[in-house]
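**Q** When you number the sequence shown by UniProt numbering, it's gap-free, plus one each residue, and the end is 696.
Positions of the beta carbon are idealized from the N, C-alpha and C atoms, including for glycine.
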Amino acid sequence: MTRGRSTRDAVGTLLDPGSIALVGASADQRKFSGQPLRNLLDAGYPGKVYPVNPRGGEILGVPVLRSIAELPPDVDVALVLVPAAAAVRAVAELAGAGVAVAIVAVSGFAEMGTEEGAALQAELADLARRTGIRILGPNCNGVYRTAVPLPLGYNHTHSQRLPAGRVGLVSHSGAMLGGFVPALARHGHGLSTFVSCGNEADLGLVDIAGHLLEDPDTEVIALILDGVSDGPSFRALARQAAERGKPLVALKLGNSARGSEATQAHSSRLAGAAGAFEAVFAADGVVSVPTLETLALAAAVLADGRMPAHRGVVGASTSGAGAILLADLLSAADLEPPALSPGTAGAMGRTAGFARVLNPFDIGAAGPDTAEQNLRALAGDPAAGTLLFYLTPVPTPQWRIRLAEAIAAVAAAEPRLPIILIGPAPLHEDEEAVYRRARVPVTTSALDAVAVVQALTRPYPPVAASSAPAGAAGGAHSEHDSRLRLATAGIPFPVQELVTTADDAERAAARIGCPVVLKATGSGIAHKSELHLVEVGVPDAAAVRERFADLDRRARALDPDGYQGVLVSELVADGVDVVAGITVDPDLGPFVLVGAGGVLTELIGDVAMAPAPVDEGAARRLLARTRVSRLLDGYRGGPRHDREALVRLLVALSEAAVGIDDLEAIDLNPVRVGVTGALALDALITTRDPAEQGET
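So this is what it looks like as structure tokens:
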């Protein structure tokens, strides 16, 4: 029986093992299983290595054990390289032999999408629970720890001697290591630790990253993730990283299958898994980047302790066209270059002999003699949250080196200011050496540089409309039932009555006061406007009776089992229509959404989101990130609307969501915001189907 190890101890052992077993090691260097022993020996791994293969003999001069039973007691880590079914049996034997951690470095498990693969992975997870052995993977590619050194895996990168660095990489993908390391090296940085988590049958990405928070060799933690299995733990990790000043930089790949399923609520269709992750990243201080190249560049900037103080970007170029290109790209990324202060602009104008100084600045026209002076002025301006330099080849070697040294001097003088050099043309060795010594990252892509600045300064992003098709009603509640549930939570609605006869409809309209709104309601009627089951501005009693009869007839035909009747509602005066909603990500929990509402909701896709619950301050910030916010303030001379009433509604909505255990989504569309007050004119709650309640 193996020693039971805490997660913390297990990860510590994984990254600094005193002994390693290689189960299924091969003498054939053409096979994956022939790589790990050679990699360990070539790197000078200082611990004991025990290859295991029934053939016995020697591999690269190391004696081979014929079975796991021949291992000495208490081996720290085993790398399992045999096929999936045999791997499960091997892990069971390793547990019996007292091995602390097994890395299952083969595929054939849940990633295959087969019942057999899922069953094999479930067996692995059960072994970890029953025996105490801890498992990394399956379907992973090992680890690399530069300080040990520990190249335990079969990537091409495992065969290389990597210089120690300050960036850790925790990834669901093993292959991405091969692109990340050279990209990071181009920016003058190296790796501290790499762990490929694979399918996370036991140890996972959050466990490994949590350990790196305590690692003195790691300053920045890069993540490549498909999703998270435990949303609250991931969010706790992100907050701890922010508190400790160890930035997390994430490259999110794809969307979870459940997150992309169609639902009836606008809110879920507008959000999607990608939007949920972006909202969590922004709320918890995770830097989110779009590509592997930007992951490496952002990690390099942060590893030098540089972080923008604000969103302002100052730029310079050795050509006027380069400065214009920077301005265009920054503006397109919603990073409009701010004007320089009068003092900075005046000083630079006098130095360069310019009548007008713009940001970005054409330093090429100003010439080499004033390059450092002008760059120092730019970097010291209040507008400088980040400095970008677009380098086009200059005519002389002296100009080239003088410029490189000027940029290096500014980097030394401004140790917290991010400085990124964009150089589409190849650099000469002498200037490249200057930038490397100064730790100024160089990229050939202006788009990558701007994307990194955007990532380092991004607020909660707007969420684009998803292209997922509409699905069946499933767990959709009727408007009447949804309203009753939400009204008790403090959501304001218009005066409304549910009726089932024409006589009752006429009496309700008399009490409310014509003109009124008539709407059919039932659990199978989600979007009434699209089904032509809404009548707005019904003027009098005769019209109420006539329209009721028509709605009642058509709704009974459309929803014979769930139809409840017709809602008679007061007609609410004009205002700004807003969509407010909740969507629940299966891993990350509930999110509150707000944006342009009514018939334009999905056409415009103007929605921002944040994790629920939100307080009034968070609700105001969320609302400010939408375009509809401008309408509330009185767009083009229009009246100002009651923003604070909408803020209170969002807070109440987010609190209601947290209290509904089986919630999938809430949709309030539209919420009509008047000059005074805000009322939800329609409501839809969607909960998970009973058949899904037992899913994990």
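Secondary structure at Ala541, three-state DSSP: helix, strand or coil?
**A** For the purposes of this step, residue 541 is taken as residue 541 along the sequence shown, with counting starting at 1. Note: Ala541 maps to helix in three-state DSSP.
**Q** If we require 3 or more residues per run, which beta strand (DSSP E) segments fall completely within the stretch 150-238?
**A** 150-152, 164-171, 191-196 and 220-225
**Q** Output the distance between the C-alpha atoms of Gly285 and Val301, rounded to the nearest integer angstrom.
**A** Mapped onto the sequence shown, residue 285 falls at position 285. Mapped onto the sequence shown, residue 301 falls at position 301. In a straight line, the C-alpha of Gly285 is about 16 Å away from that of Val301.
**Q** Between the beta-carbon of Arg672 and the beta-carbon of Asp577, is there less than 8 Å?
**A** What you label residue 672 is simply residue 672 of the sequence shown in a count that begins at 1. What you label residue 577 is simply residue 577 of the sequence shown in a count that begins at 1. It is a contact, given that the beta carbons lie within the stated cut-off.
**Q** Counting only runs that start and end within the stretch 84-111, where is the beta strand (DSSP E) found for 3 or more residues in a row?
**A** 101-104
**Q** Looking at the structure shown, is Val614 part of a helix, part of a strand, or coil, going by DSSP?
**A** Locating residue 614 in the sequence shown gives position 614, counting from the first residue. Residue state, collapsed to three classes: coil.
**Q** Quick one: what's got a C-beta closer than 7 Å to Ala610's C-beta in the same chain, skipping five residues either side?
**A** Here residue 610 refers to the residue found at position 610 when the sequence shown is read from its first residue. Cβ within range, chain order: Ala279, Ala283, Tyr460, Phe591, Val592, Ala618 and Leu622.
**Q** What is the rounded straight-line gap between the Cα of Ala438 and the Cα of His189?
**A** Locating residue 438 in the sequence shown gives position 438, counting from the first residue. Locating residue 189 in the sequence shown gives position 189, counting from the first residue. So the two alpha carbons sit approximately 12 Å from each other.
**Q** Would you mind working out which of Leu225, Val181 and Pro382 sits nearest His172, comparing C-alpha positions?
**A** Within the sequence shown, numbered from 1, the residue matching residue 172 stands at position 172. Among Leu225, Val181 and Pro382, the Cα nearest to that of His172 belongs to Leu225.
**Q** Determine the direct distance from the alpha carbon of Phe180 to that of Val357, and round the result to whole angstroms.
**A** In the sequence shown, residue 357 corresponds to position 357, counting from 1. In the sequence shown, residue 180 corresponds to position 180, counting from 1. Approximately 39 Å, taken between the alpha carbons.
**Q** Measuring CA to CA, which of Asp76, Phe32, Leu498 and Arg30 is closest to residue 702?
**A** Coverage of the chain is limited to positions 1 through 696, which leaves residue 702 absent and any answer about it impossible.
**Q** Do Ile582 and Leu663 have their C-beta atoms closer together than 8 Å?
**A** Position 582 of the sequence shown holds residue 582. Position 663 of the sequence shown holds residue 663. One thing to note: Ile582 has its Cβ within 8 Å of the Cβ of Leu663.
**Q** Could you name the residues of the same chain whose beta carbon sits closer than 7 Å to that of Pro290, not counting the 5 residues immediately before and after it, in chain order?
**A** Start at 1 with the first residue of the sequence shown, and residue 290 comes out as number 290. Closer than 7 Å at the Cβ level, and outside the excluded window around Pro290, lie Ala451.
**Q** I think Ala596 touches Leu653, with their Cβ atoms under 8 Å apart; what is that distance to the nearest whole Å?
**A** The count along the sequence shown starts at 1 and reaches residue 596 at position 596. The count along the sequence shown starts at 1 and reaches residue 653 at position 653. Wrong, their Cβ atoms sit about 17 Å apart, outside the cutoff.
**Q** List in chain order: all unbroken alpha helix (DSSP H) runs of 4+ residues lying wholly within the stretch 361-421.
**A** 363-366, 371-380 and 397-413
**Q** For Asp381, is the classification buried or exposed, using 16 other Cβ atoms within 10 angstroms of its Cβ as the cut-off for buried?
**A** Translated into positions along the sequence shown, residue 381 becomes position 381. Answer is buried; the Cβ neighbour count reaches 16.
**Q** Give the secondary structure of Ser482 by DSSP, where H, G and I count as helix, E and B as strand, and everything else as coil.
**A** The sequence position of residue 482 within the sequence shown is 482, counting from 1. Ser482 sits in a helix when the DSSP states are folded into three classes.
**Q** Closest to Gly423 by C-alpha separation, out of Gly537, Val228, Ala657 and His187, would be which residue?
**A** Within the sequence shown, residue 423 is the residue found at index 423, counting from 1. For the residues Gly537, Val228, Ala657 and His187, the minimum Cα distance to Gly423 belongs to His187.
**Q** On a CA-only basis, which of Pro337, Glu336, Pro338 and Phe361 is nearest Met348? Give me that one, please.
**A** Translated into positions along the sequence shown, residue 348 becomes position 348. Closest by alpha carbon: Phe361.
**Q** Residues bridged to Arg145 by DSSP?
**A** Here residue 145 corresponds to residue number 145 of the sequence shown, with the count starting at 1. Paired residue(s): Leu150 and Thr193.
**Q** Quick one: Cα of Pro393 to Cα of Ala404, how far?
**A** Here residue 393 corresponds to residue number 393 of the sequence shown, with the count starting at 1. Here residue 404 corresponds to residue number 404 of the sequence shown, with the count starting at 1. Pro393 and Ala404: Cα-Cα distance of roughly 12 Å.
**Q** Could you give the distance in angstroms between the alpha-carbon of Ala265 and the alpha-carbon of Thr686?
**A** What you label residue 265 is simply residue 265 of the sequence shown in a count that begins at 1. What you label residue 686 is simply residue 686 of the sequence shown in a count that begins at 1. Its pLDDT being 44, under 50, Ala265 is placed unreliably by the model, and the measurement read from it follows with that caveat. Looking at the two C-alpha atoms, the distance is approximately 7 Å.
**Q** Just curious, the beta strand (DSSP E) that Gly47 is in, first and last residue?
**A** Taking the first residue of the sequence shown as position 1, residue 47 is located at position 47. Gly47 -> no beta strand (DSSP E), and no H or E assigned at all.
**Q** Quick one: what does DSSP say Ser341 is sitting in, helix, strand or coil?
**A** As a first step, residue 341 must be located in the sequence shown, where it is residue number 341. DSSP places Ser341 in coil when its eight states are reduced to three.
**Q** For my contact list, Asn199 and Ala110 are in at a C-beta cut-off of 8 Å; report their separation, rounded to the angstrom.
**A** Indexing the sequence shown from 1 puts residue 199 at position 199. Indexing the sequence shown from 1 puts residue 110 at position 110. Right, the Cβ-Cβ distance comes to about 5 Å (below 8 Å), so this counts as a contact.
**Q** Here's a check: name, in chain order, each residue in its chain whose Cβ is nearer than 6 Å to the Cβ of Thr696, leaving out the five neighbours to either side.
**A** Sequence index remark: in the sequence shown, residue 696 carries index 696 (1-based). Any reading at Thr696 must be qualified, since the residue scores a pLDDT of 36, below 50, and its modelled position is unreliable; no value is offered.
**Q** Which one of Ala455, Gly522 and Asp552 has the shortest CA to CA distance from Asp503?
**A** For the purposes of this step, residue 503 is identified with residue 503 of the sequence shown, where counting begins at 1. Out of Ala455, Gly522 and Asp552, Asp552 has the C-alpha closest to the C-alpha of Asp503.
**Q** Check Met348 in the structure and name its three-state DSSP category.
**A** By 1-based counting over the sequence shown, the position of residue 348 is 348. Under the three-state reduction of DSSP output, Met348 falls in the helix class.
**Q** Using the three-state DSSP reduction, which class does Asp25 fall into: helix, strand or coil?
**A** Residue mapping note: residue 25 aligns to position 25 of the sequence shown, counting from 1. First, the amino acid is wrong: residue 25 is Ala here, not Asp. Here Ala25 sits in coil by DSSP.
**Q** What would DSSP say about Arg134, mapped onto helix, strand or coil?
**A** Walking along the sequence shown from the start, residue 134 turns up at place 134. Looking at Arg134 - three-state DSSP - the assignment turns out to be strand.
**Q** Have a look at Ile388 and Ala250 and give me their C-alpha separation to the nearest angstrom.
**A** For the purposes of this step, residue 388 is identified with residue 388 of the sequence shown, where counting begins at 1. For the purposes of this step, residue 250 is identified with residue 250 of the sequence shown, where counting begins at 1. Here the sequence assigns Leu to residue 388, which means Ile is not the residue at that position. Those two C-alpha atoms are separated by around 22 Å.
**Q** Just list the residues that DSSP pairs Phe591 with in beta bridges.
**A** Position 591 of the sequence shown holds residue 591. Thr583 and Pro611.
**Q** Comparing C-alpha positions only, which one of Leu588, Val614, Arg547 and Lys31 sits nearest to Val594?
**A** Along the sequence shown, read from residue 1 onward, the residue named residue 594 stands at position 594. Checking every option, the nearest Cα to that of Val594 belongs to Val614.
**Q** Report the CB separation of Leu447 from Ala383 in whole angstroms; it is logged as a contact under 8 Å.
**A** Here residue 447 corresponds to residue number 447 of the sequence shown, with the count starting at 1. Here residue 383 corresponds to residue number 383 of the sequence shown, with the count starting at 1. At roughly 22 Å, the Cβ-Cβ gap does not stay under 8 Å, so Leu447 and Ala383 are not in contact.
**Q** For Ala321, count the other beta carbons within 10 Å of its own beta carbon; 16 or more makes it buried, fewer makes it exposed. Which is it?
**A** Walking along the sequence shown from the start, residue 321 turns up at place 321. Answer is exposed; the Cβ neighbour count stays below 16.
**Q** List the whole-angstrom C-beta distance separating Ala128 from Asp28, where the pair is believed to meet the contact cut-off of C-beta under 8 Å.
**A** For the purposes of this step, residue 128 is taken as the residue at position 128 of the sequence shown. For the purposes of this step, residue 28 is taken as the residue at position 28 of the sequence shown. Contact flag wrong, Cβ pair sits at about 31 Å.
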